[in-house]
């Protein structure tokens, strides 16, 4: 740590005004400097974030992002702030989109969800014929839930 008290006194005597130095964090620095994030837009902290809420690696995992630190770190070197507020949208989508492994009924027949896209709110369904097709969530109905203890599902859904 560097002691700036003498510098502050010298500057105050030279400029004949009150000088105040404050220590700021790396996120505050990025907010003040601004810049463009990896998405091509102005960094969230400079544009609209007022406070820096904690961001965890779990949020990146929940959003199916690469866990490569270079890809999920912001200009400040910390986890990107957008992971925090985008996490709410992913949580809402996760409630709507059927998870991988559940049986669903579609207009083309019954199949198993093999992939889902939370942002597009779609699921990719594989049928018994091994054909695959992507459907909007509103066009599928869950008929068999999947649980952790049953590898094949837990029977007909109550929905």
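Numbering (this note's numbering), first residue to last: 924 to 1082.
Ideal Cβ placement from N, Cα and C applies to all residues, glycine included.
Fill in: Beta-carbon proximity of residue 1087 to residue 1042, cut-off 9 Å
Residue coverage of the chain in this structure runs from 924 to 1082, which leaves residue 1087 outside it and unanswerable.
Worksheet item: Residue range of the beta strand (DSSP E) that residue 992 falls in?
Response: By one-based count along the chain shown, residue 992 stands at place 69. Segment 992-995 is the alpha helix (DSSP H) holding residue 992; no beta strand (DSSP E) there.
Worksheet item: Sorted by chain position, which residues of the same chain lie with C-beta nearer than 6 Å to residue 1059's C-beta, five sequence neighbours on each side aside?
Response: Here residue 1059 corresponds to residue number 136 of the chain shown, with the count starting at 1. So the list reads 1045, once near-sequence residues are dropped.
Item to complete: Within the same chain, show all residues whose beta-carbon is closer than 6 Å to that of residue 1050, passing over the 5 residues directly before and after it, in chain order.
Response: Your numbering for residue 1050 matches position 127 in the chain shown. When the five nearest sequence neighbours on each side are left out, the beta carbons in the same chain lying within less than 6 Å of the beta carbon of residue 1050 are those of 1032 and 1034, in order along the chain.
Worksheet item: In whole angstroms, what separates the C-alpha of residue 904 from that of residue 958?
Response: Past the boundaries of the shown model lies residue 904; the chain is included only from 924 to 1082, so the question cannot be answered.
Practice prompt. Use the C-beta contact count for residue 1038: other C-beta atoms within 10 angstroms, 16 or more gives buried, fewer gives exposed.
Written response: Walking along the chain shown from the start, residue 1038 turns up at place 115. Classification of residue 1038: exposed, given that the 10 Å Cβ count is below 16.
Practice prompt. Name, in chain order, the residues that DSSP records as bridge partners for residue 1059.
Written response: For the purposes of this step, residue 1059 is identified with residue 136 of the chain shown, where counting begins at 1. Bridge partners of residue 1059: 1045.
Practice prompt. Please determine, among 999, 971 and 1010, the residue with the shortest C-alpha to C-alpha distance to residue 986.
Written response: Taking the first residue of the chain shown as 1, we reach residue 986 at position 63. Put simply, of 999, 971 and 1010 the residue whose alpha carbon is nearest the alpha carbon of residue 986 is 1010.
Worksheet item: Can you name the start and end residues of the alpha helix (DSSP H) that residue 954 belongs to?
Response: Translated into the one-based positions of the chain shown, residue 954 becomes position 31. Counting along the chain, the alpha helix (DSSP H) containing residue 954 begins and ends at 949-956.
Worksheet entry | Status (buried if at least 16 other CB within 10 Å, exposed otherwise) for residue 1012 | Walking along the chain shown from the start, residue 1012 turns up at place 89. Around the beta carbon of residue 1012, fewer than 16 other beta carbons sit within 10 angstroms, so the residue counts as exposed.
Worksheet item: Any idea what DSSP makes of residue 974, helix, strand or coil?
Response: Start at 1 with the first residue of the chain shown, and residue 974 comes out as number 51. Coil.
Discussion item. Helix, strand or coil, according to DSSP, for residue 1002 in the structure here?
Written reply: Residue numbering aside, residue 1002 sits at position 79 when the chain shown is read from its first letter. Correct three-state label for residue 1002: strand.
Fill in: C-beta contact flag for residue 1066 and residue 1027 at 9 Å
As a first step, residue 1066 is located in the chain shown; it is residue number 143 there, counting from the start. As a first step, residue 1027 is located in the chain shown; it is residue number 104 there, counting from the start. Yes, Cβ-Cβ distance for residue 1066 and residue 1027 is below 9 Å.
Worksheet item: Considering only the beta carbon of each residue, do residue 1006 and residue 969 sit closer than 9 Å?
Response: Taking the chain shown and counting its residues from 1, one reaches residue 1006 at position 83. Taking the chain shown and counting its residues from 1, one reaches residue 969 at position 46. Cβ atoms of residue 1006 and residue 969: not closer than 9 Å.
Practice prompt. Can you tell me which of 967, 971 and 1029 puts its alpha carbon nearest to the alpha carbon of residue 1004?
Written response: Locating residue 1004 in the chain shown gives position 81, counting from the first residue. Nearest neighbour of residue 1004 by Cα position, chosen from 967, 971 and 1029, turns out to be 967.
Worksheet item: Just checking my contact of residue 950 with residue 1001 at CB under 8 Å: how many whole Å lie between their CB atoms?
Response: Position 27 of the chain shown, counted from the start, is the residue given in the question as residue 950. Position 78 of the chain shown, counted from the start, is the residue given in the question as residue 1001. Sure, about 6 Å apart at Cβ, within 8 Å.
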